[in-house]
Amino acid sequence: MTVSDSVEIELKLALPPQQAAAFLKRMARRRDAPVRQELITRYFDTPDFALSAQGVALRVRRAGRRWLQTLKTEGERRGGLSQRAEFEMPVARSMPDWSRFPAEALALVPEALRAQLVPVFETRFDRTAWLLKGRGGAQIEVALDVGEVRAGKNSQPICEIELELKAGQPDALFALALEWAGAFDCLPFDISKAERGVRLARGVDAAPVKSVPQALDEGMCMEDGFAAIVQACLAQFQANLPGVLASGDIEYVHQARVALRRLRAALRLYRRVCVLPDELMDGLRTLA
């Protein structure tokens, strides 16, 4: 699989800040030296966040002496893995240059919105990056980002690992993440820096994720319906894990347990009609 220049496939992992030094020490065993950069990024939106409401993020990032502008879509996300359109190119200064974007990117931002865009928040973090070879010869860029997102006087820490697929199959990203899971409390994390910044700028606190009724298409076969239910249970469980580990709000624990109860019920309900590979079923049963 060759990854298109306009498509980003990435697995994001949340890492406890106190484990960042240990992760760097582990990666220092590698022969190739990492690339280290301080990255300062301004995100643009309208005062009422119309751009983010459309699932689009626009940023201008300073990397060394260069400025890069990037337009990203929300895309598809599941289990920390995201696949989305991305358009990135150099610009001369710290403001977006619409003349540089291709027509496909311009179509994502109506012209009426472009004149209303202003800086709404920024991120500042140190990035340490390595280019690794993964399963099946996949090429993976691994980046550890440590810093913060700022909106006015408010800020939140950033400590995360990004695994971006440059070439190969996405399962190589999960294989690498599983290798680290035995040594670090790293968790799949679906919330982008842009989303965190928007929440911070709007004064919206993170909250426990509750279950929602699962909509099943009447044309679905039994296996597809089962898969949709299991994915919804796992998504709810995963979304609450960061709060379980880092928040004092007991509701995160409650909602994580709700997700596991729903998963157990689904496994009991479908056990006679859906046959899954033994390894997958054992994993689901162990989790539930």
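Numbering (numbering that gives the first Met the number 0), first residue to last: 0 to 287. Backbone N, C-alpha and C fix where the C-beta goes; we use that ideal spot for every residue, glycine too.
Here's the rule: buried if 16 or more other CB atoms are within 10 angstroms of the residue's CB, otherwise exposed. What is residue i?
{"i": "Asp-44", "result": "buried"}
{"i": "Asn-153", "result": "exposed"}
{"i": "Val-108", "result": "buried"}
{"i": "Ile-249", "result": "exposed"}
{"i": "Ala-104", "result": "buried"}
{"i": "Gln-230", "result": "exposed"}
{"i": "Met-242", "result": "Note that residue 242 corresponds to Gly in the displayed sequence, not to Met. So Gly-242 ends up on the buried side."}
{"i": "Gln-17", "result": "exposed"}
{"i": "Val-208", "result": "buried"}
{"i": "Ser-191", "result": "buried"}
{"i": "Arg-30", "result": "exposed"}
{"i": "Leu-220", "result": "The sequence given here has Cys at residue 220, not Leu. Cys-220 is exposed by the Cβ-count criterion."}
{"i": "Gly-133", "result": "buried"}
{"i": "Pro-89", "result": "exposed"}
{"i": "Gly-151", "result": "exposed"}
{"i": "Arg-267", "result": "exposed"}
{"i": "Arg-64", "result": "exposed"}
{"i": "Arg-261", "result": "buried"}
{"i": "Pro-298", "result": "Any question about residue 298 goes unanswered here, given that the chain covers just 0 to 287."}
{"i": "Pro-118", "result": "exposed"}
{"i": "Met-0", "result": "In this predicted model, Met-0 has a pLDDT of only 43, less than 50, meaning its place in the structure is not dependable; the value taken from the coordinates is given anyway. Exposed, since its Cβ has fewer than 16 Cβ neighbours within 10 Å."}
{"i": "Gly-23", "result": "Residue 23 is actually Leu in this sequence, not Gly. With fewer than 16 Cβ atoms within 10 Å of its Cβ, Leu-23 is classed as exposed."}
{"i": "Ala-171", "result": "buried"}
Which one or two residues does DSSP pair with residue i in a beta bridge?
{"i": "Gln-68", "result": "Val-59 and Met-88"}
{"i": "Phe-120", "result": "Tyr-42"}
{"i": "Lys-11", "result": "Glu-161"}
{"i": "Leu-186", "result": "Ala-13"}
{"i": "Gln-53", "result": "Paired residues: none, contrary to the question."}
{"i": "Asp-125", "result": "Glu-37 and Val-145"}
Taking Cβ positions, are residue i and residue j nearer each other than 8 Å?
{"i": "Val-6", "j": "Glu-85", "result": "yes"}
{"i": "Leu-162", "j": "Glu-9", "result": "yes"}
{"i": "Leu-12", "j": "Ile-139", "result": "no"}
{"i": "Val-141", "j": "Leu-199", "result": "no"}
{"i": "Thr-40", "j": "Glu-121", "result": "yes"}
{"i": "Arg-292", "j": "Glu-73", "result": "What is shown of the chain runs 0 to 287, which leaves residue 292 out entirely."}
{"i": "Val-34", "j": "Ala-174", "result": "no"}
{"i": "Trp-66", "j": "Arg-28", "result": "no"}
{"i": "Gly-224", "j": "Leu-215", "result": "yes"}
Only counting the same chain, and skipping five residues up and downstream in sequence, which positions put a Cβ closer than 6 Å to that of residue i?
{"i": "Ile-228", "result": "Gln-213 and Ala-265"}
{"i": "Ala-258", "result": "Cys-232, Gln-235 and Phe-236"}
{"i": "Arg-126", "result": "Gln-36, Leu-38, Ala-142 and Asp-144"}
{"i": "Leu-240", "result": "Leu-186"}
Going along the chain, which residues of its own chain have a beta-carbon closer than 8 Å to the beta-carbon of residue i, five neighbours each way excluded?
{"i": "Val-115", "result": "Before going further, note that residue 115 is Gln rather than Val in the sequence given. Closer than 8 Å at the Cβ level, and outside the excluded window around Gln-115, lie Thr-45, Pro-46 and Ala-49."}
{"i": "Ala-193", "result": "Tyr-42, Ser-51, Ala-56, Arg-58 and Lys-71"}
{"i": "Asp-184", "result": "Leu-14, Pro-15, Gln-18 and Leu-244"}
{"i": "Ala-21", "result": "Ala-182 and Phe-183"}
{"i": "Leu-177", "result": "none"}
{"i": "Gln-254", "result": "Pro-207, Val-208, Lys-209, Ser-210, Gln-235 and Asn-239"}
{"i": "Met-26", "result": "Pro-33, Thr-127, Trp-129, Val-141 and Leu-143"}
{"i": "Met-94", "result": "Val-59"}
{"i": "Phe-188", "result": "Lys-11, Leu-12, Ala-13, Gly-79, Glu-159 and Pro-241"}
For residue i, collect the residues of the same chain with a Cβ closer than 7 Å to its Cβ; drop the 5 residues on either side in sequence, then sort them by chain order.
{"i": "Gly-136", "result": "Gly-167"}
{"i": "Leu-112", "result": "Thr-45, Ala-49 and Leu-50"}
{"i": "Ala-62", "result": "Gln-36 and Leu-38"}
{"i": "Arg-195", "result": "Val-148 and Gln-155"}
{"i": "Tyr-269", "result": "Phe-225"}
{"i": "Tyr-251", "result": "Pro-207, Asn-239, Gly-242 and Val-243"}
{"i": "Lys-165", "result": "Val-2, Gln-138, Ile-139 and Glu-140"}
Could you tell me whether the Cβ of residue i comes closer than 8 Å to any Cβ of chain C?
{"i": "Trp-66", "result": "The chain inventory of the structure shown lacks chain C, comprising one protein chain alone."}
> At what residue ranges does the segment 191-233 contain a whole run of the alpha helix (DSSP H), taking only runs of 4 or more?
Replying inline: Runs of the alpha helix (DSSP H) inside the segment 191-233: 192-201.
> What are the uninterrupted segments assigned as beta strand (DSSP E) that are 3 or more residues long and contained completely in the segment 128-183, given in chain order?
Replying inline: Counting only runs of 3 or more, we get 138-150 and 153-166.
> What runs of the alpha helix (DSSP H), each 4 residues or longer, lie entirely inside the segment 233-273?
Replying inline: As far as the segment 233-273 is concerned, its whole alpha helix (DSSP H) runs of at least 4 residues are 249-269.
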